[in-house]
Structure formats: C-alpha cells, structure tokens
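Number of protein chains: 2
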Amino acid sequence: MDLSTRGSEMPASPLRRLAALATDAERRGIRVLRLNIGQPDVPTPSEVLEAARAFRGPVLGYGPSDGLPETRAAIAEYLAGVGSPVAPEDVVVTTGASEAILFALSAVCDPGDEVLVIDPLYANYIGFACMAGVRLVPVAASPEDGYRLPLVARLEAAVGPRTRAVLYSSPSNPSGTVLRRDEVAALVDLAARRDLFLLADEVCREFVYDGARLAGALEVATAAGEAGRVVLLDSISKRFSACGARVGWIATTNTDVRDACLRFGQARLCAPTLGQHMAAAGFRALPRFLPPVIDEFRRRRDVVLSALSRIPGAVCPRPEGAFYVMPRLPIDDADAFAAFLLREFSHGGATVLVAPGTGFYATPGQGRHEVRLAYVLGSPALEAAMDLLVRGVEAYAGLTTRGT
Amino acid sequence: MDLSTRGSEMPASPLRRLAALATDAERRGIRVLRLNIGQPDVPTPSEVLEAARAFRGPVLGYGPSDGLPETRAAIAEYLAGVGSPVAPEDVVVTTGASEAILFALSAVCDPGDEVLVIDPLYANYIGFACMAGVRLVPVAASPEDGYRLPLVARLEAAVGPRTRAVLYSSPSNPSGTVLRRDEVAALVDLAARRDLFLLADEVCREFVYDGARLAGALEVATAAGEAGRVVLLDSISKRFSACGARVGWIATTNTDVRDACLRFGQARLCAPTLGQHMAAAGFRALPRFLPPVIDEFRRRRDVVLSALSRIPGAVCPRPEGAFYVMPRLPIDDADAFAAFLLREFSHGGATVLVAPGTGFYATPGQGRHEVRLAYVLGSPALEAAMDLLVRGVEAYAGLTTRGT
Numbered sequence: 018m019d020l021s022t023r024g025s026e027m028p029a030s031p032l033r034r035l036a037a038l039a040t041d042a043e044r045r046g047i048r049v050l051r052l053n054i055g056q057p058d059v060p061t062p063s064e065v066l067e068a069a070r071a072f073r074g075p076v077l078g079y080g081p082s083d084g085l086p087e088t089r090a091a092i093a094e095y096l097a098g099v100g101s102p103v104a105p106e107d108v109v110v111t112t113g114a115s116e117a118i119l120f121a122l123s124a125v126c127d128p129g130d131e132v133l134v135i136d137p138l139y140a141n142y143i144g145f146a147c148m149a150g151v152r153l154v155p156v157a158a159s160p161e162d163g164y165r166l167p168l169v170a171r172l173e174a175a176v177g178p179r180t181r182a183v184l185y186s187s188p189s190n191p192s193g194t195v196l197r198r199d200e201v202a203a204l205v206d207l208a209a210r211r212d213l214f215l216l217a218d219e220v221c222r223e224f225v226y227d228g229a230r231l232a233g234a235l236e237v238a239t240a241a242g243e244a245g246r247v248v249l250l251d252s253i254s255k256r257f258s259a260c261g262a263r264v265g266w267i268a269t270t271n272t273d274v275r276d277a278c279l280r281f282g283q284a285r286l287c288a289p290t291l292g293q294h295m296a297a298a299g300f301r302a303l304p305r306f307l308p309p310v311i312d313e314f315r316r317r318r319d320v321v322l323s324a325l326s327r328i329p330g331a332v333c334p335r336p337e338g339a340f341y342v343m344p345r346l347p348i349d350d351a352d353a354f355a356a357f358l359l360r361e362f363s364h365g366g367a368t369v370l371v372a373p374g375t376g377f378y379a380t381p382g383q384g385r386h387e388v389r390l391a392y393v394l395g396s397p398a399l400e401a402a403m404d405l406l407v408r409g410v411e412a413y414a415g416l417t418t419r420g421t
Numbered sequence: 018m019d020l021s022t023r024g025s026e027m028p029a030s031p032l033r034r035l036a037a038l039a040t041d042a043e044r045r046g047i048r049v050l051r052l053n054i055g056q057p058d059v060p061t062p063s064e065v066l067e068a069a070r071a072f073r074g075p076v077l078g079y080g081p082s083d084g085l086p087e088t089r090a091a092i093a094e095y096l097a098g099v100g101s102p103v104a105p106e107d108v109v110v111t112t113g114a115s116e117a118i119l120f121a122l123s124a125v126c127d128p129g130d131e132v133l134v135i136d137p138l139y140a141n142y143i144g145f146a147c148m149a150g151v152r153l154v155p156v157a158a159s160p161e162d163g164y165r166l167p168l169v170a171r172l173e174a175a176v177g178p179r180t181r182a183v184l185y186s187s188p189s190n191p192s193g194t195v196l197r198r199d200e201v202a203a204l205v206d207l208a209a210r211r212d213l214f215l216l217a218d219e220v221c222r223e224f225v226y227d228g229a230r231l232a233g234a235l236e237v238a239t240a241a242g243e244a245g246r247v248v249l250l251d252s253i254s255k256r257f258s259a260c261g262a263r264v265g266w267i268a269t270t271n272t273d274v275r276d277a278c279l280r281f282g283q284a285r286l287c288a289p290t291l292g293q294h295m296a297a298a299g300f301r302a303l304p305r306f307l308p309p310v311i312d313e314f315r316r317r318r319d320v321v322l323s324a325l326s327r328i329p330g331a332v333c334p335r336p337e338g339a340f341y342v343m344p345r346l347p348i349d350d351a352d353a354f355a356a357f358l359l360r361e362f363s364h365g366g367a368t369v370l371v372a373p374g375t376g377f378y379a380t381p382g383q384g385r386h387e388v389r390l391a392y393v394l395g396s397p398a399l400e401a402a403m404d405l406l407v408r409g410v411e412a413y414a415g416l417t418t419r420g421t
C-alpha cells in the first residue's frame, strides 16, 4: 500500500512547520506578528459579501462548467478595460487561480514535459507541477538585479525539446517585481520564436505603485500578433480581498487551450456558485474600493523598505508591486532564522513570523539568505513587526557569530 | 502550439451537445423536461443557506488547507454516526467530491498506473483519470444482473502489475445500484489480497430506499481490520442539495494517503470558506431535512419504474438507491435516440432530455442501448416526462423499423 511517487514527492507547504512553532510561541504568551502569508487584511468590500448574502435559492445548484454568464462577462469587460481584449467566451471561470494553474499546465504539458520558471517563484507552482507530472526548469534571478527577468538569452538557453511554456507571475510573488513592457515583449518574442506558451499569472495586477501600470501579457502579445500564445491566470482573491471565495479564471483567445480547459472544467462540474456572484459584484465595486487600498499598500511597502535599510548588509530591491518583498539578509540559513525568531527570540513580549526564502525556489539549496515578507499588517503592527525583524537579525547574527 | 495529449484526449461532457439541441428545441417553443443531470430539485435547507448569509467578515480569508476545524469535526461526527469511525484529523475537506477523486487518484497512482472500475461508471472518473494520467480498467456489469458488482473472480482477473486501486460508487451513479455488505466485504478482501486501495465514492449514501442501509466501505473494512485501504470520497452536493457550494471530503485512516492529500490541498490553499460553513450547518439540519426527501425520491423511483414497465423489451433493474436509473431500452443507438427526442419528437408541445448510456462506460461502444434517467423532477412533471419517454421510444422504434 505505497503512495504514488507524486504523492510521496509532493512538497509540503514550506510554512507549515513554522505555523506549529508560532502556535507554541503563542502558548508561551508571546505575541506573533505574521508577515508570512499572502492573505490581505483589507476588509472584503461590502458589495462582495452582500452578493453572497443576496442568494435566495431555492437551490444552490451547479453552474455552467465554464462559469456563470454574468461572471464571465464581468471578467471580460474588466480585462478589456485594462487593455487585454477578450470576449466572455474566452474566459473559463476556475476554482481560484490555483485551478487555473493546474488546468493550464495540464492543457499544454504531458507528464515529463518542461516549463521554464523564474527563480524565485510562487511556491505552489512546484506543487502543481508535481501533481501534473511537469518538470519545472528554473532560471535564476537575484536580489542584486531586483529579481528582474533574467536576460532572454539565459531563458532561451534553457529551452529544450520538451519545453512547452514559460510560467511567471507579474507583479511577482514572492519578490514584488513588476515586469516592464519591454520584458514582457521579450518573453512574447521568445515564445513566438521557440513555439512556447506564456502562462501569465497576474493575480496581483492591481497592486502596482508609484503611478506605474502593469504591462499585461495579453495586452503586449495582442500588439505583437501573438495573443494566442498567452494563457492568463488570475483570481479575485487579492483583488477583492476574498481569498476564501475560491474564484479565479483562465482567459485566452487560444480556442484549443480554452476548449481543453473547459473539458477539464466539465469533469469537476463548476466553480463555487456564491463566489462567482461575489466576483461579478466585485468588479462593479473595484473603482471605489481599490484606490485607497493601493495607497495603503504603497505606504506599507515604504515602511518595510525603510526598516530593511537599517539592517547592515541587507539587499532589498525596491519592489514596484504586489504586497511582498524578498530581501537578502545577513543570515546563514533562512529556515533556522525563522525558527529562531519563534523559538528563541522575543522583544517586549512579541516576535515576528517570516517565510524562509528556500520555499520560493525550484532550485534546491537556493533562498537560504532570503525571507519573503508579506506586508499584510496595518500600522502600527507593521512598524512593530519590522522593528522585531531588525532586532531579530541582529540577535541571530550575534548568536551565529558566537557559535563559530 | 499544440495541446498536450491529455488536453486533446480529455473527453467533453457527454451531455454538452444535447444541451445545445435542447436549447434549440426550446427556441422552437417545445417544453423540454430534463432527466439528464444529477442536480436535485430539492430546495437547499434554509439552515444551509443561512450559514453562508451569516458570514460577517470582515475578511473572507483562506481557511486551513485541510478544512475548517468545525467542518472536519462535523464530518467526522457524521461518519462515526453511520458506523464509519474516523477522527476529525482523518478528514481532508476538498472542493467537492470532484477534487477528492482527483486527489485520491493522484495520491495512489503515477501516470501509467491502473485503477479497476465497474462499467457503467460515473462519467467524470474518465476525465479525472485522463488528467492524472491513470488508466481505467473497466470490468463490465449489466442491466440483466441489476448492474451488480461483477464476480470478484472477474475483477481479480483484471488486476495487473500496475493496478493500484478499485474505484466505485455506491449507491451507484449511473445505475442506482447499492452494494450489499457481502459485496463490499468481497472488495475489501480483494484489496487486502492484492494489495490495492479501495476508493469508495459514497456521495449518494443517504439515498437508499425500502428501509435499506448502506454498508459503507469504511465500516466494512474497519470490521475486517483493513480500514487503511479505504479512501472515502464524499460531498455535501446531493446530501444537502448544495451542488454549487463545492464542498466535499476525503476521509481515511491511512495517514500516508491523508498526508499526501493534505499536501495536494496545500498547493491549492483551501476549499471554499462559505461552503464549509454551509456543510457544518447542514449536518445539524440533516435529521430534520432528510426523511421527507428520501420518501419523495422513493416515490419518484417507483413512478419511473412503473413507466419503464410499459415499454416492451425494456430491461430496468430496480435500483435501491441514488436518484438514477439506467434502463436498457429497445433502441439501436442511445445518442441518436436522445437527439431524436430533441430534434424530431414532441407530444403535446413537450419532449424529454435523457443522458445516453454511452457517456457512462469506460469501454468504447458500450451503453448504446441504455439511457440514464435522473429523477430530479417532482410530480406531475416526472409523470409527464416518463410518458414522453414511453411515447418517444415507440416513435423512435417505428422510425428505425421503417428505415430498415
């Protein structure tokens, strides 16, 4: 009664062991400020919650496998408004971006096929690739370069006979880096020359600061006459602070991919019905809801960067988007450091929970000097958390120096 | 830019083409009575809808990847109450039984591994096997034998070196057949002797008639000391008439399987939060809600059987459970017959939509003389639909006889 290889090799969430340590710390009376999970603290817009409450039945039945018509129409209208022209028929509503990623990988890859990713990456790409039997081929980015897209020549050198796609997120989870238009254009050009798909994860597309505007993959590829290579992966989770609704989508003008994803969707019948009503309502609320949220996240980013600048030896690129940063810190082992903060460190009865960088690399051994911080706390908790991080790095450095 | 093989070969829902024909018929002013989809018409219990409405925020956030504690506890308590002892930690909440099936197949099979199924089968097993790269090995049941479990010797003869599990539903979708305790015990024994998992889909477990009680796989295997071989697949969809909530679960005392499913679950973050609140409330409502529903479905089954007995040459086993029957009819081609009903037949301005049997077989070419009927209409619509079916068979027989 052995598990399958994929069942055995499926990675556990890198945050799980630390969650237990955090609970232990709390049992000891220590306040744990959590910067480890990408769960915004922003209240879900009232219109979005109301859309679920407004459901009157009588039967909460299956919806269409490709999504409720009003939800698909709202998504298409939204995408057209941000320069990514798609029709409602180009949208397949999924159970979160999670399912969109799994469907897209399955539609373009068979077991053993390869997908290029940029390291560091969204940790769960590793899990979905394991489930789908897909080999991720990482190409390294680095904090010194602001985690920007590696030179296209380096990406191209990694293309092999079984490479089927490039999968990336912009704004990036975990680094917050936003691809410039010329970088997206270079990806589109690479995809066209090497006959690849672009699986573009834009779940944080609204969270772009300093007046910048995301160059979306569909927008750039449409201008280049290559829209059919792009499979857009997105969700309402961050956008409407509704992670628990589990509603996302695939948008693509590639009718083969769309049709395959619809057939995958037919097997699982439909995405959650109440969540789809919430999504449709959310797009109507977006113009009112979003601007103060963006302002708040930009302020928080600046709080985080300011605190990181107080750590000697830290390298912290200034991220243009998302609500993550991924500094390189003067630490020898990010996992040990994160555990140290929970087990041995506290200041004023509190400590901070961070995500070790190792969980965000497809390349084993990478990320040992980095942590991902999600700035999902408001003032003054965020200032306090960052102060704890600064003190924690100092205490850990003293400890490890004494140890040598 | 080719699709993957699995993307190309993923089957479309067998009901999709007919749905378009039904819409066409309605445009021509014909009333279409639908017996094709397993979507109960029973109103969702008010307590279940209220549980979603009661959510007050402020943030609809991620829940734990293995499910909300109260939902897992409610499921475990329910299972213990029906003789299947599991702890809350043995339960992983999934996005419908759909995700439970995909997780279970992925946990025990690698691409190329085999799973035994009993033909006819729940159509979407074929889709999930395609996604997971698993080969389904069908063993035939037949309407003459009441679609009962084939002799264990026939199942055992199909076990090969790559066979990892038996996947079955009881009560059965599509046939309504309920496995007797001795049949489940024989499956458990086969699994023990040949070192297989039993993937037991019991989503219709409440829908058992004539005072019978389901012999659950966990219950029977526990008595045999083989509980660790069983992976129970279930959902709230039929039980609480809440198909759109997308909440199901895996229950197993096998810690390896549970842990693998949890890791699959971590990649997709969580099941829908509102649906999980609905599930917890539903189990409290079940004792009040369920008995009249069961009575109603039993009455409907009898209406269906009575009408089928009027068709000369029809073979219609008396199903003990679910809300499906799968008669063999005197028709040469179930797909052509279903299309005929929508395109060419009507009586009194109405026709009936049935699911061709071909969609419910893993063996190509099987099911051409069978249709699946879901008795999801109340009186008098069900009587009318069945009368249309009787007349439709007669008209189709006349047509095809004239044609020869």
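These protein sequence lines are chains A and B, in that order.
Under our numbering, think of the first position of the first sequence as 18, with each following residue one higher.
Under our numbering, think of the first position of the second sequence as 18, with each following residue one higher.
Just so you know, even glycine gets a beta-carbon here, dropped at the ideal spot from N, CA and C.
For residue 63(A), there is no enclosing beta strand (DSSP E); the residue is found in the alpha helix (DSSP H) stretching over 63–70. At a cut-off of 7 Å between C-beta atoms, residue 259(B) counts as an interface residue with respect to chain A.
Scanning chain B for C-beta atoms nearer than 9 Å to the C-beta of residue 246(A) yields 18, reported in chain order. In the DSSP assignment, residue 392(A) is bridged to no other residue. At a cut-off of 7 Å between beta carbons, residue 273(B) contacts chain A. When secondary structure is reduced to three states using DSSP, residue 227(A) falls in the coil class, being assigned neither helix nor strand. Residue range 22–26 is occupied by the alpha helix (DSSP H) that includes residue 25(A), with no beta strand (DSSP E) assigned at that position. Check the Cα spacing between residue 250(B) and each of 87(B), 393(B) and 111(B): the tightest is with 111(B). Within chain A, the C-beta atoms nearer than 8 Å to that of residue 69(B) come from 69, 70, 72 and 291, in chain order. Residue pairing from DSSP places residue 217(B) in a beta bridge opposite 185(B) and 249(B).
Following the DSSP letters along the chain, one finds residue 316(B) in no beta strand (DSSP E) but inside the alpha helix (DSSP H) bounded by residues 290–325. Here the stretch 80–97 of chain A lies against the stretch 284–291 of chain A, with 3 or more beta-carbon pairs under 8 Å apart. Straight through space, the alpha carbons of residue 151(B) and residue 240(A) are spaced by roughly 40 Å.
Every beta strand (DSSP E) stretch that sits fully inside the stretch 58–122 of chain A and reaches 3 residues is listed by chain position as 108–111. For residue 300(A), none of the residues of chain B pass the 7 Å Cβ criterion, the least Cβ distance being about 16 Å. Between the stretch 220–229 of chain A and the stretch 364–372 of chain A there are fewer than three inter-stretch CB-CB distances shorter than 8 Å, so the stretches are not counted as touching. Its Cα nearest to that of residue 68(A), the residue 293(A) stands out among 36(A), 102(A) and 293(A). With contacts defined as CB atoms closer than 7 Å, residue 190(B) and residue 142(B) fail to qualify as a contacting pair.
Secondary structure of residue 381(A) (DSSP, three-state): coil. Residue 368(B) carries a strand assignment under DSSP once its states are collapsed to helix, strand and coil. Per DSSP, the unbroken beta strand (DSSP E) holding residue 268(A) starts and ends at 265–268. Under the three-state reduction of DSSP, residue 194(A) is assigned to coil, being neither helix nor strand.
Using a Cβ-Cβ cut-off of 7 Å, residue 393(A) does not count as an interface residue toward chain B, since no Cβ of chain B sits closer than that to its own.
Around the beta-carbon of residue 381(B), fewer than 16 other beta-carbon atoms lie within 10 Å, marking it exposed. When beta bridges are read from the DSSP output, residue 136(A) appears opposite 157(A). When the beta-carbon positions are compared, residue 257(A) and residue 99(A) stay at least 7 Å from each other. Under the three-state reduction of DSSP, residue 274(B) is assigned to helix.
Residue contact check for residue 66(A) against chain B: a CB pair falls below 7 Å.
Neighbours of residue 355(A) across chain B, judged by C-beta separation under 7 Å, do not exist; the nearest C-beta is about 17 Å away.
Sequence-distant partners of residue 407(B) (beyond 5 residues in either direction) whose C-beta falls short of 7 Å from its own C-beta, in its chain, are 324, 327 and 328. Contact between residue 274(A) and residue 296(A) is absent: CB atoms are separated by about 21 Å, not below the 8 Å threshold. For the set 202(A), 243(A) and 187(A), the Cα lying nearest the Cα of residue 217(A) is the one of 187(A).
Counting the other CB atoms within 10 Å of its CB gives residue 94(A) a total below 16, which places it among the exposed residues. Looking at 231(A), 276(A), 259(A) and 385(A), the one whose alpha-carbon comes closest to that of residue 101(A) is 231(A). Here the C-alpha atom of residue 153(A) lies approximately 31 Å from the C-alpha atom of residue 97(A). Residue 108(B) holds the alpha-carbon nearest to the alpha-carbon of residue 86(B) among 388(B), 74(B) and 108(B).
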